[in-house]
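Chemist:
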């Protein structure tokens, strides 16, 4: 093939330009730590990375949701733990008052104490959680679930929230199911009837109320057990969301990131190639007949 | 019958011929770096009258060119122009779907996150306000993506108009140079520089549209668009192109008037940058716009239905979250919050029952569940998956266009090298030629001095 002089220049021009571009690209990879700078660099990896991003964002919402649930569960548990202590105290009082050595006077005094304790239970039933919401009210959480007389006026529902993709969990226990379950006893009614029995010195009624008091205490214990189980599953959901986040970060890095050693060696290679291209170009023009004359 | 004066004239002819040849060689060497210059070869031939022996004569020079390679060069430039323009036109899709920065991907994730917060704190005013802001952000992201695609389309149309203007100016020059060549070459000498100029212009036109050159003799050519429609006739008449709006699409198309009739010639433009621009506009960009509109339509309608089923804190139900798009076309462009909800966080329908306000979050949960529902692509994908698919399709398109462009550029350099291998100047060759012509000139001088000596001898004979 015949070689025209401009072919040398064309070739060197494009070879220097191409090597410069490659050098810049390899440098960009090392600097940014990213193999894929834009979606078209690797369409498949970019698509998969987008999915990981969305998964990461969703895990974020689950972590936030579980944090809020855990706070509510703790508030509810601490309220119910107080209620449990009160029930134990009331039962002690009832046992003492059912003793024949107690006078009517003594029983009336005990009645006052039971009345005070009942008021405390009402206050605990009206405990507020995050955002000032009543924890045992159900959906209508802007209204106190117990009226001053101790009647439950909440809707007994429990809100659910998503804690893992497609999995919802209760944010607490039902106030209705804890304080006035259909199959159990109305705790505040039990306390009130005990107070009445103490006031009226009805020893037989006081004795029979001991069974209801045991049932009431069990209801509180059961509710706390449920809260404990919920805390546990919420913690599990939370730590699994955290693992998902770690995994998605790792996965995205695998998809879009560089292998540091490989990227640096690519860069060095590109640098070398550019230097060669430049040193070849600097030898232009080739020695020819013109230099002989 | 030879004469001494005859020998003198042989010497004179030789001097003239080699002087001319040296001039052509110098012209070649001087134009070693001139873009589009075609090397010349001197025509030196023996002078023959009735008898042989009258020396040599130079009658002009001719350009060394392989018309077959030149035709391939035009084709490769058209392909290069097409693929480069297409790749450049599609590049914007990369930033549109990039997973970094504030864009559709991010906005959709943020929207879902804020919705999850509403399910956790359904009665909280602040949480609702954040959700409204995120929903607004999602509509803005759709608006902006739609705007960017519209912009790319308008840009493509502007570029076609500009390209057509440049083509028309170039074919006008080609027509004029054609007439100049015809006039100059009446004497039989090739007008090399004018022909170079014309070929250079033709090559430049081939960057924009595919052209064919038909030689009709006498230095005249016909320049065809594709292989049938003349842009320049043999007599130099120019048939300009016209860029105007195609009423069917609202986009710019390329027209040409044939016997008084306006004709859409864009189907003939099978390559060149205009084809690349049209392909990007009607291909990747238009597709992304269509998919974006469909997604905006699907998201609006499904979230609206679910939202209307619930109740706001004010106990009012049946309200939409987004505006209701009438048609898919431009759904992304006009996507916005429903006026009854915009600026009114209380209106967000988190509750399923009025009686259970404000803590009822069941409708918010139903809205949240749409994240995992196949609401897009005809009920075969979630909104997030649809977005991933759009991104994948666009990225593949951009990648393919870029690969084609680098391939086209490699092909073009190769053909360009073939062309230069034939027509480019080689200094070495010219140096050899220079030595040769110098020798020829020296020989002619020697002939003259020899004839002079012989004549001197003849004159001295009389003494």
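Chains as they are written, first to last, in my numbering: chain A, 270 to 562; chain B, 9 to 471.
Note that the Cβ used here is the ideal one computed from N, Cα and C, for glycine as well.
1. Would DSSP call residue 278 of chain B helix, strand or coil?
2. Residues of chain A with a CB under 9 Å from the CB of residue 410 of chain B: which are they?
3. Using three-state DSSP, classify residue 306 of chain A as helix, strand or coil.
4. For residue 275 of chain A and chain B, any beta-carbon pair shorter than 8 Å?
5. Would you call residue 173 of chain B buried or exposed, if buried means 16 or more other Cβ atoms sit within 10 Å of its Cβ?
6. Nearest to residue 48 of chain B by alpha carbon, out of B/208, B/70, B/192 and B/28?
7. Only counting the same chain, and skipping five residues up and downstream in sequence, which positions put a Cβ closer than 8 Å to that of residue 141 of chain B?
8. So, for residue 511 of chain A: in the same chain, excluding its five sequence neighbours on each side, which residues have a beta-carbon less than 8 Å away from its beta-carbon?
9. Going by the CB atoms, is the gap between residue 312 of chain B and residue 330 of chain B shorter than 8 Å?
10. What does residue 102 of chain B reach in chain A if we use C-beta pairs closer than 8 Å?
11. Would you give the residue range spanned by the beta strand (DSSP E) that residue 67 of chain B belongs to?
12. If you drop the 5 nearest sequence neighbours on each side, which residues of the same chain put their C-beta closer than 7 Å to that of residue 380 of chain B?
13. Among B/295, B/246, B/385 and B/448, which residue has its Cα nearest to the Cα of residue 25 of chain B?
14. Suppose the cutoff is 7 Å on Cβ atoms and the five residues either side in sequence are ignored; what does the same chain contact list for residue 16 of chain B look like?
15. Quick one: using the 10 Å Cβ neighbour count with 16 as the cut-off for buried, is residue 385 of chain A buried or exposed?
16. Is the CB-CB distance between residue 442 of chain B and residue 12 of chain B below 8 Å?
17. How would you call residue 363 of chain B, buried or exposed, if buried means at least 16 neighbouring beta carbons within 10 angstroms?
18. Assign residue 556 of chain A to one of two classes, buried (16 or more other C-beta atoms within 10 Å of its C-beta) or exposed (fewer than that).
19. What's the gap between the Cα of residue 412 of chain A and the Cα of residue 371 of chain B?
20. For residue 209 of chain B, which of helix, strand or coil comes out of DSSP?
21. Based on Cα-Cα distance, which residue from A/422, A/356, A/291 and A/314 lies nearest to residue 488 of chain A?
22. Using 8 Å for Cβ pairs, my map puts residue 398 of chain B next to residue 304 of chain B. What's the rounded Cβ distance?
23. Does the distance from the C-beta atom of residue 32 of chain B to that of residue 62 of chain B stay below 8 Å?
24. At a CB-CB cut-off below 7 Å, which residues of chain B make contact with residue 511 of chain A?
25. Can you pull the chain B residues whose beta carbon is under 8 Å from the beta carbon of residue 337 of chain A, in chain order?
26. Along the chain, where does the alpha helix (DSSP H) that runs through residue 92 of chain B open and close?
27. Bridge partners for residue 253 of chain B per DSSP, in chain order?
28. Quick check on residue 279 of chain A: does DSSP put it in helix, strand or coil?
29. CB-CB under 6 Å to residue 214 of chain B, same chain, minus the five flanking residues each way: which ones, in chain order?
30. With burial defined as no fewer than 16 other Cβ atoms inside 10 Å of the residue's Cβ, what is the status of residue 112 of chain B: buried or exposed?
31. With 16 as the cutoff for other CB atoms within 10 Å, does residue 155 of chain B come out buried or exposed?
32. Just to confirm before moving on: does the CB-CB distance between residue 479 of chain A and residue 360 of chain A stay below 8 Å?
Modeler: Once the coordinates are examined:
1. If DSSP states are grouped into helix, strand and coil, residue 278 of chain B belongs with coil.
2. Within chain A, 309 have C-beta atoms less than 9 Å from the C-beta of residue 410 of chain B, given in sequence order.
3. Residue 306 of chain A falls in the coil class under three-state DSSP.
4. Chain B places a beta carbon closer than 8 Å to that of residue 275 of chain A, counting this residue as a contact.
5. Residue 173 of chain B comes out exposed.
6. With distances taken between Cα atoms, residue 48 of chain B lies closest to B/70.
7. Excluding positions up to five away in sequence, the list reads 122.
8. If you ignore the 5 residues before and after residue 511 of chain A, its C-beta comes within less than 8 Å of the C-beta of 328 and 332, all in its own chain and listed in chain order.
9. Contact flag set, yes.
10. Scanning chain A for C-beta atoms nearer than 8 Å to the C-beta of residue 102 of chain B yields 307, 308 and 309, reported in chain order.
11. Per DSSP, residue 67 of chain B belongs to the beta strand (DSSP E) from 64-71.
12. Cβ within range, chain order: 390.
13. Checking every option, the nearest Cα to that of residue 25 of chain B belongs to B/448.
14. Contacts found: 456 and 459.
15. The residue is exposed, with fewer than 16 neighbouring Cβ atoms inside 10 Å.
16. No.
17. It counts as exposed.
18. Burial call: exposed.
19. When rounded, the distance between both Cα atoms is 21 Å.
20. In this structure, DSSP gives residue 209 of chain B a helical state, which the three-state scheme calls helix.
21. Considering only alpha carbons, the answer is A/356.
22. Not a contact, Cβ separation roughly 12 Å.
23. No. Outside cutoff.
24. Listed along chain B, no residue sits closer than 7 Å to residue 511 of chain A by beta-carbon distance, the nearest being about 16 Å off.
25. Within chain B, the residues near residue 337 of chain A are 128 and 129.
26. That run of the alpha helix (DSSP H) goes 75-98.
27. Per DSSP, B/260.
28. Correct three-state label for residue 279 of chain A: helix.
29. Contacts found: 82, 85 and 86.
30. Buried.
31. By the Cβ neighbour-count rule, residue 155 of chain B is exposed, with fewer than 16 other Cβ atoms within 10 Å of its own.
32. Closer than 8 Å, so yes.
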